[in-house]
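First the structure, in the form of structure tokens, and then the observations on it.
2 protein chains.
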Amino acid sequence: MSKIQHRNLYREVADRIRELIEHGELIPGERISEKQLCETFGVSRTPLREALKVLASEGLVELLPNRGARVMQLTVKMVKDTYDLMGALEGLSGELACQQISDEEIAAICDLHEQMLTHYRNREMQPYFKINRRIHESILAAANNEVLQEMYNNLSYRVKRVRYSKKMTDNFWRQAVNDHEMMIEALKKRDGKRLGQILRDHLCNKLEVVTLAGVIENDELINAANA
Amino acid sequence: MSKIQHRNLYREVADRIRELIEHGELIPGERISEKQLCETFGVSRTPLREALKVLASEGLVELLPNRGARVMQLTVKMVKDTYDLMGALEGLSGELACQQISDEEIAAICDLHEQMLTHYRNREMQPYFKINRRIHESILAAANNEVLQEMYNNLSYRVKRVRYSKKMTDNFWRQAVNDHEMMIEALKKRDGKRLGQILRDHLCNKLEVVTLAGVIENDELINAANA
DNA sequence: TGCCGGCATTTTGAATTCATAATACCTTTT
DNA sequence: AAAAGGTATTATGAATTCAAAATGCCGGCA
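Going line by line, the protein sequences match chains C and Y. Counting from 1, one number per residue, gives the positions in the first sequence under full-length UniProt numbering. Counting from 1, one number per residue, gives the positions in the second sequence under full-length UniProt numbering.
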């Protein structure tokens, strides 16, 4: 029995705008016309503006007083900063998870790990990433810290756009899988310090940033290079 | 030359409500009457409701659809979770700070540290905490990661209310000062790993939570015990 | 030709109004 | 007297309206 979802318009609208940003249909830096969005969504300006306020405090859009809203522009530094943060959060999630994770949960993660390995051997990128993501989510969930989850998801959303532009070279991929092996090992031993360290240091996300940093200057804007 | 502050009403209102919450004039769990707040602030419902949306995504208030807003109720678990997170963030700030902090910045922090020690020796609680806070803020600033700063400040705001109820026993205090000595040492050596570890493990905030946890059950609400 | 200033238009900010969901109160019935 | 149901009231959700700021356009002027 799932909770009844009283969907307010502003939540709905916020979700839709998030999608638009994620899929690159709203260009970063470009001015968001309230009227236009109102028309496309078929709502009045009130819920739309409320949605923009929420998105602004999530860091997805920027509100310039008397000058409307625009999609937050990401710089390489911002992305790097965000990834540093996410690394720390993943590390914490690993430590906390080890303190209380059940045998069943560990088994489930090991199972996911095996599936991931299969996808790796078959060089199936998309399925690989999907499982990869689920593993990290499982650890995050096992940490049993809602505040942490909320923060992580928020950060994750901010940089979701740039994930499309990642390049997965064979070397990086192998390294990533190797890290996951170590992770599983640490998890089985419930070695929180070690799992945390692995997650912090070797966040597979890092390589994406490295890739990016090679191309774009530190304070330069990230162009909306999406799929 | 400071930036011109275009103060929108909703920002102003949000700030005011934050103050009300912080000072315990809005009781956690108690329903926030829109009309009443509108009258006290002398604004219409539109900016008020926008402010509430912002505060909600900051985690300070809770919006129940069709049922108005209420000040977020803190449970001991939530506070503990938040402090775990803040510990991780402080740890990160230490690591990052060591990578790029200048000699001048280190000197400034050492200076603050000396001031703090004086207040400690004189048993001047309030000044001690003030300087203590400034030290942590300095390290956070030296980390040069705006996203991190933003997150930390947000988390800090959420639990600001409970800080009033902390008890500083002699033992805890001595321990805290001792940690600070180690911190300074690590900072001088620019030993990021170590500074991070010290900050993570021995966040002086932790003791407050411990104190609290001794009195209140884990999922119990924290009563609005303010100064 | 290029720049400045004023008017018109557009867009945002805030108040008001209208609609609908929730709550309280009162009546009715057992 | 207590409970159930229905109506009245109140509070919230959303649209509309009004006000003010910003932008754009045009003409005048150097």
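Every residue gets a Cβ at the ideal spot worked out from N, C-alpha and C, and that includes glycine. Computed from a predicted structure; not experimentally measured.
Per DSSP, the bridge partner or partners of residue i
i              : result
residue 229(Y) : Residue 229(Y) lies beyond the range of chain Y shown here (1 to 227); nothing can be said about it.
Per-residue DSSP class, three states only, for residue i
i       : result
R11(Y)  : helix
R147(Y) : According to the sequence as given, residue 147(Y) is Val; it is not Arg. V147(Y): helix per DSSP, three-state reduction.
S102(C) : coil
L89(C)  : helix
S2(C)   : Note that S2(C) has pLDDT 46, beneath the 50 cutoff, so the model's placement of it is unreliable and no number is given.
R194(Y) : helix
H136(Y) : helix
L26(C)  : coil
G42(Y)  : coil
R16(C)  : helix
T82(C)  : helix
N226(C) : Caution is warranted here: a pLDDT of 42 is assigned to N226(C), below 50, making its placement in the model unreliable, and no coordinate value can be reported.
H202(Y) : coil
R123(C) : coil
K189(Y) : coil
V177(Y) : helix
R161(C) : helix
M168(C) : coil
Beta-carbon contacts of residue i that lie in its chain and below 7 Å, excluding the five residues immediately before and after
i              : result
I106(C)        : L187 and K188
residue 228(Y) : The first residue shown for chain Y is 1 and the last is 227, placing residue 228(Y) beyond what the model contains.
M182(Y)        : I198
M168(Y)        : M125
I131(Y)        : L112, Q115, M116 and H119
M151(Y)        : L89
R194(C)        : A186
Candidates the options: closest to residue i by CA position
i              : options                               : result
V43(C)         : H23(C), L55(C), R31(C) and V13(C)     : V13(C)
I32(Y)         : D84(Y), R123(Y) and N66(Y)            : N66(Y)
N122(Y)        : R174(Y), E95(Y) and E146(Y)           : R174(Y)
Q197(C)        : E104(Y), L64(Y), Y83(Y) and A88(Y)    : A88(Y)
A56(C)         : L199(Y), Y10(Y) and F172(Y)           : Y10(Y)
Q149(Y)        : V71(C), R16(C), K160(C) and D81(C)    : D81(C)
V76(C)         : N145(Y), M182(Y), I222(Y) and G192(Y) : N145(Y)
V147(Y)        : M168(C), L74(C), E39(C) and A176(C)   : L74(C)
D15(C)         : S138(C), E50(C) and G68(C)            : E50(C)
I21(Y)         : P47(Y), R45(Y), A69(Y) and T46(Y)     : A69(Y)
H23(C)         : D170(C), M182(C), G192(C) and R161(C) : R161(C)
G59(C)         : T46(C), N8(C) and I17(C)              : I17(C)
D170(C)        : M125(C), G192(C), I139(C) and K193(C) : M125(C)
N8(C)          : T40(Y), K53(Y), L140(Y) and Q36(Y)    : K53(Y)
I222(Y)        : M151(Y), M72(Y) and K130(Y)           : M72(Y)
residue 229(Y) : E34(Y), E19(Y), T118(Y) and E104(Y)   : Since the first residue of chain Y shown is 1 and the last is 227, residue 229(Y) is not available in this structure.
M116(C)        : T40(C), E104(C) and R133(C)           : R133(C)
V61(C)         : D84(C), F41(C), E19(C) and T40(C)     : E19(C)
Same chain, Cβ closer than 6 Å to residue i, neighbours up to 5 away in sequence not counted
i       : result
M86(C)  : L155
G91(C)  : G196, L199 and R200
A143(Y) : S93, L96 and A97
V159(C) : V79 and T82
R190(C) : C98
K101(Y) : According to the sequence displayed, residue 101(Y) carries Ile and not Lys. Contacts found: A142.
S138(Y) : I109
Residues near residue i in its chain [Cβ-Cβ closer than 8 Å; skip 5 each side]
i       : result
Y120(C) : Y128, W173 and V177
C38(Y)  : S44, R45 and L48
Check: residue i C-beta below 7 Å from any heavy atom of the ligand HEM
i       : result
I135(C) : This structure lacks the ligand HEM; in fact it carries no ligand of any kind.
- Query: Within the chosen definition, does the segment 26-40 of chain Y reach the segment 22-29 of chain C through at least 3 CB pairs nearer than 8 Å?
  - Reply: Note that the segment 26-40 of chain Y does not touch the segment 22-29 of chain C; fewer than 3 beta-carbon pairs, one per stretch, sit closer than 8 Å.
- Message: Would the segment 91-108 of chain Y count as touching the segment 135-155 of chain C if we require 3 or more Cβ pairs under 8 Å?
- Response: Touching, no, given that fewer than three Cβ pairs across the two stretches are closer than 8 Å.
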